[in-house]
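Working notes for the structure below.
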Amino acid sequence: MKKILLASIILILFSNCQSNYKKKMIEPSAKKIPTILNYHSDSLTDNYFWMRLSDDQKESSNLDSQTQDVLDYLEAENHFLDANMSDTDELQSKLFDEYVSRIKQDDSSVPYVENGYTYSSKFEKGEDYRRYYRKKNKEGSKEELFLDLPKLAQGQKYFSLGDWSISTNNKILAYSADLVSRREYTIHFKDLITGEILEDRIENSTGRITWANDNKTIFYVKKDEQTLRSHKIFKHVLGTDSADDELVFEEKDETYSCYVYKSKSNKYLFIGSYQTLATEIRFLDASQPNGDWTIIQPRERGHEYSVSHYEDSFFIRTNWNAKNYKLMKTAVSSPSKESWEEIIAHREDVFLSGIEIFKKFLVVQERKDGLIQMRVMNWSNNQEHYISFNDPTYSVYSNVNLDFDTDLFRFSYASLTTPSSVYDYNLVTKERTLLKQQEVLGGQFYSENYISERLYAMGRDGETRIPISIVYKKGFKKDGSSPILLYGYGSYGSNMNPYFSSTRLSLLDRGFAFAIAHIRGGQEMGRDWYETGKLLQKKNTFYDFIDCGKFLVDSGYTSPSHLYAQGGSAGGLLMGAIINMEPSLWNGVIAGVPFVDVINTMWDESIPLTTGEFDEWGNPKDKVYYDYIKSYSPYDNVSHIDFPNLLITTGYWDSQVQYWEPAKWIAKIREYRTNKNLLLMYCNMDVGHGGASGRFESLKEVALEHAFLLKLEGLSTP
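The sequence shown begins at 11 in our numbering and counts up one residue at a time.
So, in structure tokens, the structure goes:
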């Protein structure tokens with residue numbers, strides 16, 4: 011009897027193993043329903059166009075057959091990923107525990123003073139979200155909790171705070187929250203004296219909240235329900251129905267979006283209209299919310315500017331006859347550019363990226379040779395100096411600086427080896443005071459055990475030097491045997507500044523190096539760096555990244571069997587392009603929310619955010635741009651090649667890069683590839699473009715990504 015029982019157990023175990031083995035080995039197979047798409051004189055056959063669902067289909071409780079097919083396919087992909095990554099379950103748990111163990115869970119922010127109160131926020135142990143507090147600057151005052159995010163997020167699959175703002179009289183809080191992950195925020199109001207949540211409620215906003223100085227009027231932005239373009243600015247008066255809110259501005263040009271904000275001085279409200287190549291800003295006295303708005307400078311194609319206010323002047327950062335920007339000043343009473351006076355001239359080798367105004371000083375944020383500089387200028391004697399930073403590559407930016415009449419400038423600083431830090435810098439004595447540095451718990455992190463470098467790869471033209479920021483642990487071997495994760499983005503002029511990551515330590519401590527390729531399409535090296543990485547020069551972005559990878563190989567930092575690449579959104583487009591162009595250079599690639607179906611998305615103006623992107627990618631309805639985009643669009647250039655191992659992540663509710671782009675892409679790669687490397691996709695069915703919310707839940711996705719890399723390196727044992 012015992013022998014029979016034992017035999018039965020063995021048979022069951024064997025059967026389960028066989029079943030799991032089959033589940034692991036059988037990839038999802040997407041059905042092919044050819045759809046003919048006619049663009050110009052070109053006909054494209056898209057076998058996976060059927061995966062695209064409308065918002066109504068996604069939100070309906072009654073599933074039609076197409077919706078069910080899509081959900082079944084996404085579920086199959088998730089199951090396939092789970093099966094293939096099951097051997098890393100223990101590793102993922104260990105990685106997650108490592109991440110959490112380094113986080114100071116009962117953490118708090120650096121306090122700052124505004125309008126008679128000191129503000130701070132705090133994390134409690136084990137909680138995903140902050141609580142916000144304030145304390146009146148009066149002896150004997152008690153700290154009060156005014157915004158409790160853990161309470162608001164309770165029971166929600168997703169929660170994201172958009173903005174919060176308190177009325178000038180300190181009595182009413184307005185805050186916005188997104189519960190769907192489509193960046194559609196609902197604005198709520200709370201009486202801070204009684205604690206009562208007011209009946210006023212504003213749906214489908216961008217989340218940004220701007221108070222007028224009458225303590226009862228706010229301005230906010232609505233999105234187009236289909237395209238999600240921020241296009242209408244409304245005025246709401248407390249105690250009234252939001253359905254009756256007055257439309258104060260509508261941006262009718264579909265290539266523009268708009269926003270509203272308040273000056274640091276609290277004296278003026280501003281409405282900005284913008285697209286990739288142009289800006290238009292108008293202003294209004296914040297104490298006269300029913301007044302007429304005045305345009306500072308009418309929109310002109312190619313002219314971008316931003317406005318700051320101090321005393322009776324506007325300070326204007328502008329690219330008017332200044333590709334790398336210059337700083338101008340004009341009287342509030344005569345704001346148009348005919349009256350602008352130059353404060354800081356244009357420089358060919360320095361990019362002016364921002365300013366912070368004080369009564370006695372001006373602090374200018376600049377970029378030179380790809381590095382951020384903080385330049386301090388004294389109004390009274392025109393003397394100036396630069397704040398010094400010691401790391402070879404780093405990030406620094408202005409923190410909360412609400413007071414004009416002060417000698418203290420607060421800034422945040424981090425590097426690949428230095429945790430995020432907040433300083434007060436004395437603009438007179440040049441002394442800096444460390445107010446807070448991110449604590450890395452566990453007792454095993456010492457910055458001196460890690461090395462960061464700034465390298466330069468030579469582009470294929472033999473002239474372009476491409477910066478690379480890299481970090482690794484001491485003992486890293488430069489003999490081609492060490493693994494490197496190379497990260498890139500390269501679009502919209504966005505700069506990939508080097509930053510510290512405590513989660514990254516889990517890779518560095520296991521022998522990885524992490525590098526950032528500062529490729530064209532960003533703005534690290536000035537405006538030309540951006541201009542030569544978009545539109546009909548977009549391929550420079552992809553070439554630069556590939557050339558950075560080859561440089562790391564040729565320099566002995568790694569080899570193709572140990573080189574990995576990662577990017578998200580437009581950086582996911584980058585990943586798709588580089589594996590089509592140079593598939594053998596990478597052992598593995600992680601593409602997050604990848605924008606890969608460029609022709610179909612940019613042709614369809616009903617898809618969210620498309621019209622505002624024409625100056626970045628080009629409008630494919632113009633044959634010149636169509637041909638160029640088609641030549642690199644990842645989905646359209648999948649071919650019969652050996653693909654590297656690939657992990658794709660996406661969100662079902664993503665409004666920026668819809669889930670069907672990565673879903674179609676992986677299905678097409680499976681159809682065309684000529685090898686059997688891992689092709690995995692994870693679709694989070696509860697989130698959108700930003701991934702999981704909360705400081706702990708999002709770490710599970712990081713653990714998956716790191717486990718994928720470690721598995722490929724044969725390091726999947728915890």
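Heads up, the beta-carbon is just placed ideally off N, CA and C, and yes, glycines get one too.
> Which value, in whole angstroms, describes the spacing of the CA atoms of Phe555 and Ala355?
Replying inline: For this step, residue 555 is matched to residue 545 along the sequence shown. For this step, residue 355 is matched to residue 345 along the sequence shown. Between Phe555 and Ala355, the C-alpha separation is close to 33 Å.
>> Taking the alpha carbon of Ile476 as the reference point, which residue from Gln533, Ser51, Glu458, Asp224 has its own alpha carbon closest?
In response: On the sequence shown, position 466 is the one that residue 476 refers to. Closest option to Ile476, Cα to Cα, is Gln533.
> Buried or exposed: which applies to Asn597, given that a residue is buried once 16 or more other Cβ atoms fall within 10 Å of its Cβ?
Replying inline: Indexing the sequence shown from 1 puts residue 597 at position 587. Buried is the call here.
>> Using only CA atoms, which one of Arg385, Asp359, His395 lies nearest to Lys378?
In response: If you number the sequence shown from 1, residue 378 lands on position 368. Per the Cα distances, Asp359.
> Distance, Cα to Cα, Arg778 vs Phe59?
Replying inline: The structure shown does not extend to residue 778, since the chain is modelled only from 11 to 728, so the question has no answer here.
>> I need the straight-line Cα distance from His313 to Leu73, nearest angstrom please.
In response: Taking the first residue of the sequence shown as 1, we reach residue 313 at position 303. Taking the first residue of the sequence shown as 1, we reach residue 73 at position 63. Distance between the alpha carbons of His313 and Leu73 is about 48 Å.
> What distance in whole Å lies between the Cβ atoms of Leu412 and Glu6, which are believed to be in contact at a cut-off of 8 Å?
Replying inline: Any question about residue 6 goes unanswered here, given that the chain covers just 11 to 728.
> To which residues of the same chain is Pro308 closer than 7 Å at the C-beta, ignoring the five residues directly before and after it?
Replying inline: Mapped onto the sequence shown, residue 308 falls at position 298. Excluding sequence neighbours, Pro308 sits near Glu290.
> With 16 as the cutoff for other CB atoms within 10 Å, does Val190 come out buried or exposed?
Replying inline: As a first step, residue 190 is located in the sequence shown; it is residue number 180 there, counting from the start. With 16 or more Cβ atoms within 10 Å of its Cβ, Val190 is classed as buried.
>> Quick test of your reading: Leu157 and Tyr142, contact by CB under 8 Å. State the CB separation rounded to the nearest angstrom.
In response: In the sequence shown, counting from the first residue as 1, residue 157 sits at position 147. In the sequence shown, counting from the first residue as 1, residue 142 sits at position 132. The pair is a contact, with the Cβ atoms about 4 Å apart (cut-off 8 Å).
> What are the boundary residues of the alpha helix (DSSP H) that includes Gln78?
Replying inline: On the sequence shown, position 68 is the one that residue 78 refers to. It spans 75 to 94 - the alpha helix (DSSP H) in which Gln78 sits, taken as one unbroken run.
> Would you call the CB atoms of Tyr407 and Ser422 closer than 8 Å?
Replying inline: Position 397 of the sequence shown holds residue 407. Position 412 of the sequence shown holds residue 422. Closer than 8 Å, so yes.
> Quick one, which of Asp201, Asp255, Ile176, Ser240 has its alpha-carbon nearest Ile212's?
Replying inline: On the sequence shown, position 202 is the one that residue 212 refers to. Measuring from the Cα of Ile212, the nearest candidate turns out to be Asp255.
>> So if DSSP puts Tyr185 in a beta bridge, which residue, or which two residues, is it bridged to?
In response: Start at 1 with the first residue of the sequence shown, and residue 185 comes out as number 175. Trp174, His198, per the DSSP bridge assignment.
> In the DSSP assignment, what are the bridge partners of Pro212?
Replying inline: The residue you call residue 212 lines up with position 202 of the sequence shown. First, the amino acid is wrong: residue 212 is Ile here, not Pro. DSSP output for Ile212 lists Ile197 as bridge partner(s).
>> Going by DSSP in three states, Leu518 sits in which element: helix, strand or coil?
In response: Sequence index remark: in the sequence shown, residue 518 carries index 508 (1-based). DSSP places Leu518 in helix when its eight states are reduced to three.
> For the putative contact between Ala523 and Tyr466, defined by C-beta atoms under 8 Å, what is the C-beta separation to the nearest angstrom?
Replying inline: Here residue 523 is taken as the residue at index 513 of the sequence shown, counted from 1. Here residue 466 is taken as the residue at index 456 of the sequence shown, counted from 1. 16 Å between Cβ atoms; not a contact.
> What separation, rounded to the nearest whole angstrom, lies between the Cα atoms of Glu137 and Tyr509?
Replying inline: As a position in the sequence shown, residue 137 is number 127, starting the count at 1. As a position in the sequence shown, residue 509 is number 499, starting the count at 1. Each residue's Cα considered, the two are about 24 Å apart.
>> Please state the DSSP three-state secondary structure of Asp417.
In response: Counted from its first residue, the sequence shown places residue 417 at position 407. In this structure, Asp417 counts as coil in the three-state DSSP scheme.
> Between which two residues does the beta strand (DSSP E) carrying Ile461 extend?
Replying inline: Locating residue 461 in the sequence shown gives position 451, where the first residue counts as 1. Taken as a continuous stretch (DSSP letters only), the beta strand (DSSP E) holding Ile461 covers 460 to 468.
> Between Lys32 and Asn88, what straight-line distance do the alpha-carbon atoms span, to the nearest angstrom?
Replying inline: Taking the sequence shown and counting its residues from 1, the one referred to as residue 32 is at position 22. Taking the sequence shown and counting its residues from 1, the one referred to as residue 88 is at position 78. Since pLDDT at Lys32 reaches only 42, below the 50 mark, its modelled position is unreliable, and the value read off the structure follows with that caveat. Using only the alpha carbons, I get a separation of about 15 Å.
> Can you tell me the Cα-Cα spacing of Ser594 and Lys710, whole angstroms?
Replying inline: Here residue 594 refers to the residue found at position 584 of the sequence shown. Here residue 710 refers to the residue found at position 700 of the sequence shown. Straight-line Cα distance between these residues: approximately 29 Å.
> How many Å lie between Leu562 and Gln448 at the Cα?
Replying inline: Counting from 1 along the sequence shown, the entry for residue 562 is found at position 552. Counting from 1 along the sequence shown, the entry for residue 448 is found at position 438. Cα to Cα, Leu562 sits roughly 31 Å from Gln448.
> Can the beta-carbon of Val667 be found closer than 8 Å to that of Ser643?
Replying inline: Along the sequence shown, one-based indexing puts residue 667 at 657. Along the sequence shown, one-based indexing puts residue 643 at 633. For Val667 and Ser643, no; Cβs fall outside 8 Å.
> How would you call Leu279, buried or exposed, if buried means at least 16 neighbouring beta carbons within 10 angstroms?
Replying inline: Counting from one through the sequence shown, the residue named residue 279 turns up at place 269. Classification for Leu279: buried.
> Based on the DSSP output, what are the partners of Leu155 in its beta bridges?
Replying inline: Counting from one through the sequence shown, the residue named residue 155 turns up at place 145. Partner(s): Tyr143.
>> Can you tell me where the alpha helix (DSSP H) holding Met729 begins and where it ends?
In response: Shown here, the chain extends from 11 to 728; a query on residue 729 therefore has no answer.
>> Is the beta carbon of Lys233 closer than 8 Å to that of Thr220?
In response: Along the sequence shown, read from residue 1 onward, the residue named residue 220 stands at position 210. Along the sequence shown, read from residue 1 onward, the residue named residue 233 stands at position 223. Not closer than 8 Å, so no.
> Do you know offhand how far Pro672's Cα is from Gly578's?
Replying inline: For the purposes of this step, residue 672 is identified with residue 662 of the sequence shown, where counting begins at 1. For the purposes of this step, residue 578 is identified with residue 568 of the sequence shown, where counting begins at 1. Looking at the two C-alpha atoms, the distance is approximately 11 Å.
>> If distances are taken between C-alpha atoms only, which option among Tyr669, Ile676, Phe624 comes closest to Val648?
In response: Translated into the one-based positions of the sequence shown, residue 648 becomes position 638. Here the closest residue by C-alpha is Ile676.
>> Using C-beta distances below 6 Å, list every residue in its chain close to Lys678, excluding the 5 sequence neighbours before and after it, in chain order.
In response: Taking the first residue of the sequence shown as 1, we reach residue 678 at position 668. Taken in chain order, the residues that qualify are Val648.
> Of the choices Tyr269, Leu208, Tyr266, Val231, whose alpha-carbon is the least far from that of Gly249?
Replying inline: Looking up residue 249 in the sequence shown gives position 239. Gly249 has its Cα closest to that of Leu208, out of Tyr269, Leu208, Tyr266, Val231.
> Nearest-angstrom Cα distance between Lys640 and Ala222?
Replying inline: Mapped onto the sequence shown, residue 640 falls at position 630. Mapped onto the sequence shown, residue 222 falls at position 212. Distance between the alpha carbons of Lys640 and Ala222: 48 Å.
>> Relative to the C-alpha of Met691, which candidate in Lys41, Thr55, Thr328, Glu85 has its C-alpha closest?
In response: Translated into positions along the sequence shown, residue 691 becomes position 681. Residue Glu85 is the option with its Cα nearest to Met691.
> Under 8 Å between the Cβ atoms of Asp696 and Tyr195?
Replying inline: The residue given as residue 696 occupies position 686 in the sequence shown. The residue given as residue 195 occupies position 185 in the sequence shown. For Asp696 and Tyr195, no; Cβs fall outside 8 Å.
> If we call anything under 8 Å between Cβ atoms a contact, is Leu515 one with Arg62?
Replying inline: Numbered from its first residue, the sequence shown carries residue 515 at position 505. Numbered from its first residue, the sequence shown carries residue 62 at position 52. Cβ distance not < 8 Å, so Leu515 and Arg62 don't count as in contact.
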